[in-house]
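Last residue of the sequence shown? That's 1190 in the numbering used here, and every number before it is there in order. Data first, discussion second: the structure below is written as structure tokens.
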Amino acid sequence: MGGRSVRLLTVTAVLALLLTGCSGDGDGDGGERSGGGIRLRFQSLAWQKESVDANKELVREWNERNPGIRVDYVQGSWDSVHDQLLTSFEGGEAPDVIHDAADDLADFAYGGRLADLRGLLSERLTSDIPAHSWRTATFGEGVYGVPFLQEPRVLIANRKIVESSGVRIPTPARPWSWEEFRAVAKELTAAMGEGRYAVAWPLREPVSVTLNLGLSAGGRLFHRGGDGKVSIRFTAGDAVVPETIHDQVTIDRTASPSTLGAGGSDALPGFFGGKYAMVPLGFSYRQQIAQQAPEGFEWMVLPAPAGAGGPVQGVSPQTLSIAADSPHRKEAARFIDFLLSPRNMVRLAKGDWMLPTGVRALADPSLREEKDGWATGAALAGELRSAPAQSVRGYPEWKDKVATPAYQEYYNGAIDRAELEKRLVKDGNLVLSRYQR
């Protein structure tokens, strides 16, 4: 039986366990109650005003309808969530309901810090989220988060520049190949004139971008053996995306070298000023563009380039987890079920300008409008898969100490492909081995 079949069977088994007789109703698992009722702490990482407002409003609605189970909203931050959670787990003060991202859960899940959600979640919720999304929060035999929001990486393009050039406009059904993308970038750069570029790659955080886009070309980088241990191998598929970016910057001169160390927001002024025709960004950046674009600026959302595997991308969805030490796991699961009803999942998705994982929520007409590129994102949602490093222990250290500097140096021409491969594989496997003894 092939590896893919084994993985599919595993996902099916996990999903079946999630569905086993669980509605999340009933009494808590013990623990202290406050004022005759239960108090839960929900730590949210929402940061955009629309998203914060949506989360707080949902907490208010829950508290009005469930006076015996009060939820306190706690504001967290994406910038510090991993270290903050680590400290709170060690101190026995972790929130009951934890908002995070799937690629941050592995160490907490394997370390026993998060509750296994099998047996806690409602059938409605577990059946509404596709199996490939549940895989993103599955570690070993357990499920440690509910994936609820996700975003593909797309090309945000200057409509006038791209359409006037005469190049083929890609669609989700027929995206540019990586080879065609490179050729299109040459045409656009030549037409735009001196000092302007077809592409701005904001790669302050280059690892997830590179790995997740690389899935379409067959890249995986991380390979799990029969003994369950993970090793790093750099294949031809792993080279497609980094070589494209490297060559656009250092050989073709079609991508700006000055944006390589920038964040996505940093590239927007140049994009609005016509210095760049396209910027690869997460789908949620559309909110900033819609709010900040100068009057008369026309933009469009195009699918990211794709390899032989089609427009598949790795993704690390936002997740909701329950602390293993929470004395009210069943009540926390009921609150999660409320937050992630189809109607409420749409509200959260629109607040963050992202896509819901739930099938019923994703079918909402408001998330399939042409305006602001919603339809393009919705068409890509079915191609999102678990990020390559999702369940790899030691990934955060590998990313920070090995992969980030290696990719950054390769993209700006400081090292060649052979050196990139050597660092990712040799140095990377040394890091991973410490977590797999």
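For glycine and all other residues, C-beta sits at the position ideal for the given N, C-alpha and C.
Would you kindly work out how many angstroms separate the C-alpha atoms of residue i and residue j, rounded to a whole number?
{"i": "residue 801", "j": "residue 1104", "result": "8 Å"}
{"i": "residue 1025", "j": "residue 956", "result": "19 Å"}
{"i": "residue 1063", "j": "residue 930", "result": "9 Å"}
{"i": "residue 996", "j": "residue 1014", "result": "17 Å"}
{"i": "residue 904", "j": "residue 796", "result": "21 Å"}
{"i": "residue 1079", "j": "residue 792", "result": "11 Å"}
{"i": "residue 1075", "j": "residue 1037", "result": "26 Å"}
{"i": "residue 941", "j": "residue 1065", "result": "25 Å"}
{"i": "residue 840", "j": "residue 861", "result": "12 Å"}
{"i": "residue 1115", "j": "residue 1121", "result": "8 Å"}
{"i": "residue 853", "j": "residue 1073", "result": "6 Å"}
{"i": "residue 945", "j": "residue 1093", "result": "46 Å"}
{"i": "residue 870", "j": "residue 856", "result": "17 Å"}
{"i": "residue 781", "j": "residue 834", "result": "A caution first: residue 781 carries a pLDDT of 37, below 50, which makes its placement in the model unreliable, though a value can still be read off. Cα-Cα distance, rounded: 27 Å."}
{"i": "residue 851", "j": "residue 866", "result": "11 Å"}
{"i": "residue 706", "j": "residue 913", "result": "Because the chain in this structure spans residues 754 to 1190, residue 706 falls outside the shown range and cannot be described."}
{"i": "residue 818", "j": "residue 1088", "result": "11 Å"}
{"i": "residue 981", "j": "residue 892", "result": "12 Å"}
{"i": "residue 1151", "j": "residue 975", "result": "12 Å"}
{"i": "residue 999", "j": "residue 986", "result": "20 Å"}
{"i": "residue 1060", "j": "residue 1107", "result": "24 Å"}
{"i": "residue 1012", "j": "residue 811", "result": "38 Å"}
{"i": "residue 876", "j": "residue 799", "result": "27 Å"}
{"i": "residue 1023", "j": "residue 1190", "result": "48 Å"}
{"i": "residue 1067", "j": "residue 1157", "result": "18 Å"}
{"i": "residue 1117", "j": "residue 1040", "result": "19 Å"}
{"i": "residue 844", "j": "residue 1149", "result": "22 Å"}
{"i": "residue 1173", "j": "residue 1187", "result": "21 Å"}
{"i": "residue 823", "j": "residue 1090", "result": "15 Å"}
Which of helix, strand or coil does DSSP assign to residue i?
{"i": "residue 917", "result": "helix"}
{"i": "residue 792", "result": "strand"}
{"i": "residue 930", "result": "strand"}
{"i": "residue 858", "result": "coil"}
{"i": "residue 781", "result": "A caution first: residue 781 carries a pLDDT of 37, below 50, which makes its placement in the model unreliable, though a value can still be read off. In this structure, residue 781 counts as coil in the three-state DSSP scheme."}
{"i": "residue 900", "result": "strand"}
{"i": "residue 1073", "result": "strand"}
{"i": "residue 774", "result": "No answer about residue 774 holds up, because its pLDDT of 40 lies below 50 and its placement is not dependable."}
{"i": "residue 990", "result": "helix"}
{"i": "residue 891", "result": "strand"}
{"i": "residue 951", "result": "strand"}
{"i": "residue 938", "result": "helix"}
{"i": "residue 1174", "result": "helix"}
{"i": "residue 1180", "result": "helix"}
{"i": "residue 977", "result": "strand"}
{"i": "residue 1019", "result": "helix"}
{"i": "residue 884", "result": "helix"}
{"i": "residue 1059", "result": "strand"}
{"i": "residue 853", "result": "strand"}
{"i": "residue 970", "result": "helix"}
{"i": "residue 956", "result": "coil"}
{"i": "residue 870", "result": "coil"}
{"i": "residue 1167", "result": "coil"}
{"i": "residue 995", "result": "helix"}
{"i": "residue 846", "result": "coil"}
Check for me: the beta strand (DSSP E) holding residue i runs from which residue to which?
{"i": "residue 800", "result": "Here residue 800 belongs to no beta strand (DSSP E), and DSSP marks it neither H nor E."}
{"i": "residue 1139", "result": "1137–1139"}
{"i": "residue 1052", "result": "1052–1056"}
{"i": "residue 1081", "result": "Careful: residue 1081 lies outside any beta strand (DSSP E) and carries neither H nor E."}
{"i": "residue 1067", "result": "1066–1068"}
{"i": "residue 725", "result": "Beyond the ends of the chain as shown, which are 754 and 1190, falls residue 725; an answer cannot be given."}
{"i": "residue 907", "result": "906–911"}
Counting only beta-carbon separations shorter than 8 Å, does residue i have a partner in chain D?
{"i": "residue 963", "result": "The structure shown contains no chain D; it is built from a single protein chain."}
What span of residues does the alpha helix (DSSP H) with residue i cover, start to end?
{"i": "residue 877", "result": "876–881"}
{"i": "residue 1190", "result": "Here residue 1190 belongs to no alpha helix (DSSP H), and DSSP marks it neither H nor E."}
{"i": "residue 825", "result": "No alpha helix (DSSP H) holds residue 825; the beta strand (DSSP E) holding it covers 822–828."}
{"i": "residue 967", "result": "959–967"}
{"i": "residue 924", "result": "No alpha helix (DSSP H) contains residue 924, which DSSP labels as neither H nor E."}
{"i": "residue 840", "result": "834–843"}
{"i": "residue 1010", "result": "Looking at the DSSP string, residue 1010 is not in any alpha helix (DSSP H), and its letter there is neither H nor E."}
{"i": "residue 1151", "result": "1148–1151"}
For my contact list, residue i and residue j are in at a C-beta cut-off of 8 Å; report their separation, rounded to the angstrom.
{"i": "residue 1057", "j": "residue 1184", "result": "29 Å between Cβ atoms; not a contact."}
{"i": "residue 901", "j": "residue 1129", "result": "About 21 Å separates the two Cβ atoms, so there is no contact after all."}
{"i": "residue 910", "j": "residue 1031", "result": "5 Å"}
{"i": "residue 863", "j": "residue 1146", "result": "6 Å"}
{"i": "residue 1126", "j": "residue 1053", "result": "7 Å"}
{"i": "residue 948", "j": "residue 971", "result": "With 8 Å as the limit, residue 948 and residue 971 do not qualify as a contact, their Cβ atoms being about 36 Å apart."}
{"i": "residue 963", "j": "residue 994", "result": "5 Å"}
{"i": "residue 1002", "j": "residue 1164", "result": "6 Å"}
{"i": "residue 1160", "j": "residue 883", "result": "Contact doesn't hold; Cβ gap of about 30 Å is too wide."}
Those runs of the alpha helix (DSSP H) which lie wholly inside the segment 1022–1056 and span at least 4 residues: Scanning the segment 1022–1056 from its first residue to its last, the whole alpha helix (DSSP H) runs of 4-plus residues come out as 1039–1045.
Beta strand (DSSP E) runs contained entirely in the segment 1089–1146, provided each spans 3 or more residues: 1137–1139
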